[in-house]
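**Student:** First residue of the sequence shown: 490, per the numbering used here; consecutive thereafter.
Backbone N, C-alpha and C define an ideal beta-carbon position, used for all residues, glycine too.
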Amino acid sequence: MNVLFLTLSNMENVNERGIYTDLVKELAGRGINMHVVFPRERRTGLPTELTTTENIKLLKVKTGNITETNFIEKGISTFNIESQYLKAVKRYFSAVRFDLILYSTPPITFEKVVNYFKKKHYSKTYLVLKDIFPQNAVDIDVIKEGSLIWKYFRNKEKKLYKASDIIGCMSKGNMNYVLNYNPYLDKTKVEIFPNSIKPVERVTRTNLSKDLYQKYNIPNDATLFVYGGNLGKPQGIDFLLKIADNFHKVNKGHLLIVGSGTEYETIRNHLTTKKPKNISLFKKLPKNEYDQLMENADVGLIFLDKRFTIPNFPSRLTAYMEYSLPVLAATDKNTDLKEILKESKSGLWSESGDLDTFIDNAKKLSSDKNLRDQMGMNGRGYLEEHYDIRKTVNIIIKHL
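(1) Let me check understanding here. Comparing Cα to Cα, which of Asp654, Gly836 and Thr761 lies closest to asparagine 867?
(2) In whole angstroms, give me the CA-to-CA distance for lysine 546 and asparagine 684.
(3) Taking contact to mean at least 3 C-beta pairs separated by less than 8 Å, is the region 702-711 in contact with the region 797-817?
(4) Which whole-angstrom value is the C-beta distance of valine 882 and leucine 497, which I expect to be below 8 Å?
(5) Return the chain-ordered list of same chain residues with a C-beta closer than 8 Å to the C-beta of leucine 713, the five sequence neighbours on each side being excluded.
(6) For the region 623-642 and the region 515-534, state whether three or more C-beta atom pairs, one from each stretch, are separated by less than 8 Å.
(7) So is histidine 888 buried or exposed if we call it buried at 16+ other beta carbons inside 10 Å?
(8) Can you round the beta-carbon distance between aspartate 734 and proline 765 to whole angstroms, since I take them to be within the 8 Å contact cut?
(9) In terms of alpha-carbon separation, which member of Lys619, Lys601 and Cys658 lies closest to asparagine 644?
(10) Near serine 566, what residues of its chain come up, given a Cβ to Cβ distance below 7 Å and the 5 sequence neighbours on each side ignored?
(11) Please report the distance separating the alpha-carbon of valine 603 from that of lysine 676.
(12) Straight-line CA distance for histidine 759 to leucine 730?
(13) Confirm, please, whether the CB-CB distance from phenylalanine 682 to isoleucine 521 is below 8 Å.
(14) Which full runs of the alpha helix (DSSP H) of 4+ residues lie inside the region 604-634, going along the chain?
(15) Identify every run of the alpha helix (DSSP H) within the region 765-808, keeping only runs that are complete inside it and at least 4 residues long; order them along the chain.
(16) Going along the chain, which residues of its own chain have a beta-carbon closer than 7 Å to the beta-carbon of glycine 725, five neighbours each way excluded?
(17) Closer than 8 Å by C-beta to glutamate 680: which residues in its own chain qualify, once you throw out the five before and the five after it? Chain order, please.
(18) Within 10 Å of its beta-carbon, does lysine 608 have 16 or more other beta-carbons around it, so buried, or fewer, so exposed?
(19) Let me know the beta strand (DSSP E) ranges lying completely inside the region 652-695, each 3 residues or longer, listed in chain order.
(20) Less than 8 Å between the C-beta atoms of leucine 589 and tyrosine 615, yes or no?
(21) What residues are listed by DSSP as bridge partners for phenylalanine 582?
(22) Hey, how far is the Cα of phenylalanine 642 from the Cα of lysine 773?
(23) Lysine 514 lies in the alpha helix (DSSP H); which residues open and close that run?
(24) Tell whether a beta-carbon distance below 8 Å holds between methionine 968 and tyrosine 509.
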């Protein structure tokens with residue numbers, strides 16, 4: 490059985506852990522021949538190339554820059570990627586007949602590729618919906634609703650949904666939104682396919698060396714709050730900066746921010762100017778040291794802009810649950826992340842922009858180790874029950 494997987498995620502090292510690499514490896518482990526297509530952005534200077542790892546073929550397609558670039562370049566690169574992918578797949582996989590076309594958003598511009606194989610191979614088509622665009626861009630004032638660019642991408646969105654036999658949404662709220670926003674869709678083709686990973690063995694906390702704490706300017710007795718991930722407009726950076734300015738109110742709390750994105754320099758400049766206490770910012774850390782810090786962190790942080798009307802569901806949640814970390818989230822009120830945290834008893838939530846409640850929640854977690862430990866264990870149990878790719882992959886396989 491042959492599956493074609495189209496994604497914008499970096500899959501250079503398929504053995505690295507993540508929601509897409511774990512999905513691909515789990516499908517490959519079931520004896521399915523995986524053909525993965527992903528971008529090699531122009532900044533790498535590398536050509537289109539095909540490599541093979543066991544029964545996973547990795548087609549690395551030379552594209553324009555899509556990440557960590559301005560909106561115009563990202564838009565042009567996203568516009569071109571559809572034809573670049575189709576050309577590369579035709580060239581390198583011309584002898585392969587695909588049973589399933591699996592693809593994730595972003596982007597929403599895979600419709601021509603999907604329809605090509607749907608008509609040519611009668612392939613089943615499955616959309617893994619991780620991003621509702623262009624509405625998410627409208628919400629944070631990147632695109633104006635009704636504009637020409639909005640009309641173009643909204644039309645592409647509709648075409649992609651119509652070309653998809655099944656649409657897998659991250660959560661119930663996500664699914665309900667898609668159906669309400671697109672009433673022309675057949676309800677039977679929309680289902681929940683949550684963000685899932687293959688969890689590592691439960692981690693036993695170890696004592697970090699004083700040298701590592703000193704290296705990252707973390708007090709030995711601190712309650713370590715960690716945010717790891719994208720630092721862009723969707724995270725609501727203005728509120729994150731307010732948190733940084735007020736985090737000194739959290740007794741023994743230390744905020745560690747590790748990530749990159751369009752707003753990284755904004756954060757760095759703010760911290761350099763304001764010099765708030767108990768904050769560390771890093772663009773990148775050596776993987777082994779980041780993993781060590783995660784193993785010894787106390788709280789995992791999630792941020793989303795308060796203006797979102799779409800129910801985003803951050804994949805960062807599974808990473809924190811994996812490490813048995815309680816979650817402290819500040820998001821828009823439309824995401825059902827808050828319901829999941831309540832149901833799983835794995836964290837505390839406040840609306841993004843509500844600084845007092847966020848700081849109060851941070852104080853609760855910083856001062857109560859038993860609460861942190863219990864929430865962390867609850868989250869790990871919830872992950873194993875609901876977000877283990879070894880279970881959730883069957884949602885896709887049943888359609889084959």
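**Tutor:** The relevant details are as follows:
(1) Gly836
(2) 23 Å
(3) no
(4) Not a contact, Cβ separation roughly 21 Å.
(5) Ile707, His743, Leu745, Leu782, Asn785, Ala786, Asp787 and Val788
(6) no
(7) exposed
(8) 5 Å
(9) Lys601
(10) Thr552, Gly553, Asn554 and Ile555
(11) 20 Å
(12) 7 Å
(13) no
(14) 624-628
(15) 776-785
(16) Phe792, Leu793, Asp794, Lys795 and Ser841
(17) Ile655, Ile656, Gly657, Cys658, Met664 and Ile884
(18) exposed
(19) 655-658 and 679-681
(20) yes
(21) Answer is none; phenylalanine 582 lacks a bridge partner.
(22) 33 Å
(23) 508-518
(24) The structure shown does not extend to residue 968, since the chain spans only 490 to 889, so no value can be given for it.
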